[in-house]
Amino acid sequence: MPAAGSPNARSRTTSAPTYPLHIVLYQPEIPPNTGNIGRSCVALGAKLWIVGPTGFSLDSKQIRRSGLDYWDDLAWELVDDWDQLIERLPSQRLWLLTKFGNRAHCDVDFQMGDALVFGRESTGLPDWLHAQHVERQVFIPMPGPVRCLNLSTAAGIVMYEAARQIGMLHNVPPPTMSRSTNTELET
Numbered sequence: 274m275p276a277a278g279s280p281n282a283r284s285r286t287t288s289a290p291t292y293p294l295h296i297v298l299y300q301p302e303i304p305p306n307t308g309n310i311g312r313s314c315v316a317l318g319a320k321l322w323i324v325g326p327t328g329f330s331l332d333s334k335q336i337r338r339s340g341l342d343y344w345d346d347l348a349w350e351l352v353d354d355w356d357q358l359i360e361r362l363p364s365q366r367l368w369l370l371t372k373f374g375n376r377a378h379c380d381v382d383f384q385m386g387d388a389l390v391f392g393r394e395s396t397g398l399p400d401w402l403h404a405q406h407v408e409r410q411v412f413i414p415m416p417g418p419v420r421c422l423n424l425s426t427a428a429g430i431v432m433y434e435a436a437r438q439i440g441m442l443h444n445v446p447p448p449t450m451s452r453s454t455n456t457e458l459e460t
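End of the sequence shown sits at 460 in the working numbering; the numbers just go up one at a time, nothing left out.
1) For the structure I just gave you, are there three or more beta carbon pairs, one from the stretch 326-333 and one from the stretch 416-432, closer than 8 Å?
2) Which residues bound the beta strand (DSSP E) around Val-407?
3) Helix, strand or coil for Val-419? Go by DSSP, reduced to three states.
4) Does the count of Cβ pairs from the stretch 377-386 and the stretch 339-358 closer than 8 Å reach three?
5) Chain B beta carbons: is any one of them nearer than 9 Å to that of Gly-417?
6) So Asp-382 and Leu-294 are supposed to be a Cβ contact under 8 Å. How far apart are they, rounded?
7) Determine the direct distance from the alpha carbon of Ile-336 to that of Trp-349, and round the result to whole angstroms.
8) Helix, strand or coil, according to DSSP, for Ile-310 in the structure here?
9) Could you name each continuous alpha helix (DSSP H) segment of 4 residues or more that falls completely within the stretch 293-380, going from the start of the chain to the end?
10) What is the DSSP secondary structure of Val-431, reduced to helix, strand or coil?
11) If I measure Cβ to Cβ from Gly-429 and keep anything under 6 Å in the same chain, skipping five residues before and after, which residues do I get?
12) Kindly indicate which three-state DSSP category Asp-387 falls into: helix, strand or coil?
13) Please report the distance separating the alpha-carbon of Leu-442 from that of Phe-391.
14) Buried or exposed: Val-431, going by 16 or more other Cβ atoms within 10 Å of its Cβ?
15) Let me check one thing: in DSSP terms, what residues is Arg-393 bridge-paired to?
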């Protein structure tokens, strides 16, 4: 059995800590999107849940490349299906991100421990899931002439709005890395 944290592990969480946010990817298809979202989860201290099946192997180099060297720091869990997610997910407040949403993400009152659910890149979330969560469907306003955003872009927008609302971003110092050298700044 793979060690926790290895690319083949089914879970990167060994204890039951509480997380300020839970990010759920329903049957993701594109490895770089999953890697980018994983990196954002590490930045916020959120847990990533991946509902299978996925369209790629979780030890894909593309995931690790887009997640940079942060993938080993990611708290994540792979579940076989939606029912297993519901059994294991501690959050009772699920927010489905969909172009069919009935309110904008910035009009939602996010709370500590909420779960943000994102669908497949090609088809979004299934109809049966929409039917179960009619009052919890959220969209990202797009006044321009585009039909959708990239999954990792959409996830970042909503994750940081939720983090802002629940107070995760207050009094956080800027990073200590130089942009040009990628080394710690001297003080």
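Ideal placement from N, C-alpha and C gives every residue a C-beta, glycine not left out.
Being a predicted model, the structure only gives us computed values, none of them experimental.
Per the coordinate set shown:
1) Not touching, per the Cβ criterion.
2) The residue given as residue 407 occupies position 134 in the sequence shown. Unbroken run through Val-407: none, as it is neither H nor E.
3) Position 146 of the sequence shown, counted from the start, is the residue given in the question as residue 419. Of the three classes helix, strand and coil, the one that applies to Val-419 here is coil, per DSSP.
4) Output reads no: the stretch 339-358 does not touch the stretch 377-386.
5) The question asks about chain B, but that chain is absent: this structure has only one protein chain.
6) Along the sequence shown, one-based indexing puts residue 382 at 109. Along the sequence shown, one-based indexing puts residue 294 at 21. At roughly 14 Å, the Cβ-Cβ gap does not stay under 8 Å, so Asp-382 and Leu-294 are not in contact.
7) By 1-based counting over the sequence shown, the position of residue 349 is 76. By 1-based counting over the sequence shown, the position of residue 336 is 63. Those two C-alpha atoms are separated by around 13 Å.
8) For the purposes of this step, residue 310 is identified with residue 37 of the sequence shown, where counting begins at 1. It is helical.
9) Taking 4 residues as the shortest admissible run, the stretch 293-380 contains the following complete alpha helix (DSSP H) segments, listed from N- to C-terminal end: 304-317, 334-339, 355-361.
10) The residue given as residue 431 occupies position 158 in the sequence shown. Residue state, collapsed to three classes: helix.
11) Taking the sequence shown and counting its residues from 1, one reaches residue 429 at position 156. Within the same chain, Cβ atoms closer than 6 Å to the Cβ of Gly-429 are found at Ser-313, the five residues on either side in sequence being excluded.
12) On the sequence shown, position 114 is the one that residue 387 refers to. Residue state, collapsed to three classes: strand.
13) Translated into the one-based positions of the sequence shown, residue 442 becomes position 169. Translated into the one-based positions of the sequence shown, residue 391 becomes position 118. Their backbone Cα atoms lie some 22 Å apart in a straight line.
14) Residue 431 sits at position 158 when you count from the first residue of the sequence shown. By the 10 Å Cβ count, Val-431 comes out buried.
15) Your numbering for residue 393 matches position 120 in the sequence shown. Beta-bridge partners of Arg-393 (DSSP): Gly-397.
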